[in-house]
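Heads up: the sequence lines are chains L and D, in that order. Numbering-wise (numbering that gives the first Met the number 0), the first sequence opens with residue 0 and increments by one. Numbering-wise (numbering that gives the first Met the number 0), the second sequence opens with residue 0 and increments by one. Glycine included, every Cβ here is placed at the ideal spot set by N, Cα and C. Single-structure report; data block below.
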Amino acid sequence: MKLKTTETNGIYLVEMSGKIMGGPESAQFHDAMKHAVANNLKKVVIDLGGVEWMNSSGIGLLVSAYTTLKNAGSEMKLARTTDKIQSLLVITKLNSVFDSHDSVENAAKSFN
Amino acid sequence: MMQPIRTETLNIPSSVDQIEKVDEFVESFATSLGFQADALADIGICVTELVMNAIVHAHKEHAEIPVKIQIEGGEDGLRVSVRDFGPGFETNTIPDPTSPENIYEDHGRGILIVRAMMDDVQCTRLEDGMLIEIFKRLNHSA
């Protein structure tokens with residue numbers, strides 16, 4: 000898994016790529032979420048367009064981020080979920096929890 | 000019953016930094032059997048799932064306890080077994096991760112995902128751990 004974060008126009012964009020399978024690099028994602036909370040970043044977009052696949056460890060990262068941010072008064076949106084990830088969200092019924100968008104731009108526009 | 004034409008094994012210490020090695024091992028084997036990208040993803044998801052469960056939940060990341068992975072390839076498909084030496088569990092006691100009270104948990108979805116993506120899943124609780132066997136059919140027309 001690779002991770003890249005940027006802050007632009009009030010949007011904290013977290014771009015994930017590769018395979019997300021629960022290796023030691025998961026700590027980078029948790030650190031990114033801690034950064035968002037510590038810096039009071041209210042609008043977080045997780046860009047999954049470059050993710051080949053994820054197992055339940057990756058799904059767990061997304062759920063953990065969602066609850067951490069929500070508890071801090073922030074919002075998290077998903078962008079560019081691939082067919083494989085979408086099928087995982089349907090299997091786990093998390094498609095009813097996460098707000099997913101077909102592009103980063105549309106995810107950014109969807110914040111209240 | 001699948002007739003295996005090739006079998007390989009991999010034993011790893013219980014450390015999460017081994018998971019990429021496991022993925023490469025299984026992907027290489029499955030690719031050589033003729034699996035295509037979508038099925039390769041399913042196999043990668045499920046095998047890393049089971050191995051992570053063994054490392055983190057069964058062995059609590061005690062590196063000295065091995066996780067044993069065996070792959071059998073045949074004309075029908077791929078069978079993978081993951082053996083751990085933890086306390087074991089009964090699959091029918093796993094809480095439903097899709098229920099409203101569990102949906103925000105950050106764990107507990109592994110077996111649900113594996114059952115959805117594989118053609119057969121067998122979980123056997125042994126005296127000294129768990130043996131989980133999964134089978135993915137090879138679609139020759141794909």
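Looking at chain L, is there any beta carbon in it that lies within less than 8 Å of the beta carbon of M51 of chain D?
The residue you call residue 51 of chain D lines up with position 52 of the second sequence. M51 of chain D counts as touching chain L.
Let me check one thing: in DSSP terms, what residues is E26 of chain D bridge-paired to?
For the purposes of this step, residue 26 of chain D is taken as the residue at position 27 of the second sequence. Looking at the DSSP assignment, E26 of chain D forms no beta bridge with any residue, so it has no partner.
Quick one: measure Cβ to Cβ for L137 of chain D and I68 of chain D, integer angstroms, because I've assumed they're closer than 8 Å.
Here residue 137 of chain D corresponds to residue number 138 of the second sequence, with the count starting at 1. Here residue 68 of chain D corresponds to residue number 69 of the second sequence, with the count starting at 1. Actually they are not in contact, since the Cβ atoms of L137 of chain D and I68 of chain D sit about 19 Å apart, beyond 8 Å.
Evaluate contact between the region 27-42 of chain D and the region 85-99 of chain D, counting only Cβ atoms and requiring at least three cross-stretch pairs below 8 Å.
Inter-segment contact for the region 27-42 of chain D and the region 85-99 of chain D is absent: fewer than three beta-carbon pairs are separated by less than 8 Å.
Whole angstroms is fine: what's the gap from V96 of chain L's alpha carbon to K3 of chain L's?
Here residue 96 of chain L refers to the residue found at position 97 when the first sequence is read from its first residue. Here residue 3 of chain L refers to the residue found at position 4 when the first sequence is read from its first residue. C-alpha separation (whole angstroms): 24 Å.
Near G9 of chain L, which residues of its chain fall below 7 Å by C-beta distance, leaving aside the five closest residues on each side in sequence?
Along the first sequence, read from residue 1 onward, the residue named residue 9 of chain L stands at position 10. For G9 of chain L, where only same-chain residues beyond five positions count, the Cβ hits under 7 Å are K42.
What span of residues does the alpha helix (DSSP H) with M196 of chain D cover, start to end?
With chain D represented from 0 up to 141, any question about residue 196 of chain D goes unanswered, as that position is not in the structure.
Taking only runs that begin and end inside the region 71-133 of chain D, name each unbroken alpha helix (DSSP H) of 4 or more residues, in chain order.
109-116
Taking 8 Å as the threshold (C-beta atoms), are M32 of chain L and K18 of chain L in contact?
Counted from its first residue, the first sequence places residue 18 of chain L at position 19. Counted from its first residue, the first sequence places residue 32 of chain L at position 33. Going by C-beta atoms, K18 of chain L is not nearer than 8 Å to M32 of chain L.
Just how far apart, CA to CA, sit V103 of chain L and Y103 of chain D?
The residue you call residue 103 of chain L lines up with position 104 of the first sequence. The residue you call residue 103 of chain D lines up with position 104 of the second sequence. Rounded to whole angstroms, V103 of chain L to Y103 of chain D spans 24 Å at the Cα level.
If you drop the 5 nearest sequence neighbours on each side, which residues of the same chain put their C-beta closer than 8 Å to that of F34 of chain D?
As a working note, residue 34 of chain D is residue 35 in the second sequence. So the list reads I42, L77, K135, L137, once near-sequence residues are dropped.
Does T92 of chain D get closer than 8 Å to chain L when you measure Cβ to Cβ?
Counted from its first residue, the second sequence places residue 92 of chain D at position 93. No - not a single Cβ of chain L is within 8 Å of the one on T92 of chain D.
Using a C-beta cutoff of 8 Å, does M75 of chain L count as contacting chain B?
No chain B appears in the structure shown, which is made up of the protein chains L and D.
For chain L, is any of its Cβ atoms less than 8 Å away from the one on H56 of chain D?
Mapped onto the second sequence, residue 56 of chain D falls at position 57. It does not; no Cβ of chain L falls within 8 Å.
H139 of chain D: which of D:M116, D:D75, D:S80, D:P12 sits nearest, CA to CA?
As a first step, residue 139 of chain D must be located in the second sequence, where it is residue number 140. Ranking the options by Cα distance to H139 of chain D, first place goes to D:D75.
With DSSP run on the structure shown, which of helix, strand or coil describes K3 of chain L?
As a working mapping, residue 3 of chain L is identified with position 4 in the first sequence. Under the three-state reduction of DSSP output, K3 of chain L falls in the strand class.
Please name the residue or residues paired with T6 of chain D in a DSSP beta bridge.
Walking along the second sequence from the start, residue 6 of chain D turns up at place 7. Looking at the DSSP assignment, T6 of chain D forms a beta bridge with D:E71.
With a 10 Å radius around its C-beta and 16 neighbouring C-beta atoms as the bar for buried, classify V89 of chain L as buried or exposed.
Here residue 89 of chain L corresponds to residue number 90 of the first sequence, with the count starting at 1. It counts as exposed.
From which residue to which residue does the alpha helix (DSSP H) around L68 of chain L run?
Here residue 68 of chain L is taken as the residue at index 69 of the first sequence, counted from 1. 55-70 is the extent of the alpha helix (DSSP H) around L68 of chain L.
Where I84 of chain L falls, given that 16 or more other Cβ within 10 Å makes a residue buried:
The residue given as residue 84 of chain L occupies position 85 in the first sequence. I84 of chain L should be labelled buried.
Could you check which residue in D:N91, D:V79, D:L111 has the C-alpha nearest to that of V25 of chain D?
Within the second sequence, residue 25 of chain D is the residue found at index 26, counting from 1. With distances taken between Cα atoms, V25 of chain D lies closest to D:V79.
How long is the line joining the alpha carbons of T5 of chain L and I4 of chain D, rounded to whole angstroms?
As a working mapping, residue 5 of chain L is identified with position 6 in the first sequence. As a working mapping, residue 4 of chain D is identified with position 5 in the second sequence. Note on geometry: alpha-carbon atoms of T5 of chain L and I4 of chain D lie some 50 Å from one another.
Continuous alpha helix (DSSP H) stretch holding M32 of chain L: start and end
Reading the first sequence from its first residue, position 33 is the one you call residue 32 of chain L. 25-37 is the span of the alpha helix (DSSP H), which, as asked, contains M32 of chain L.
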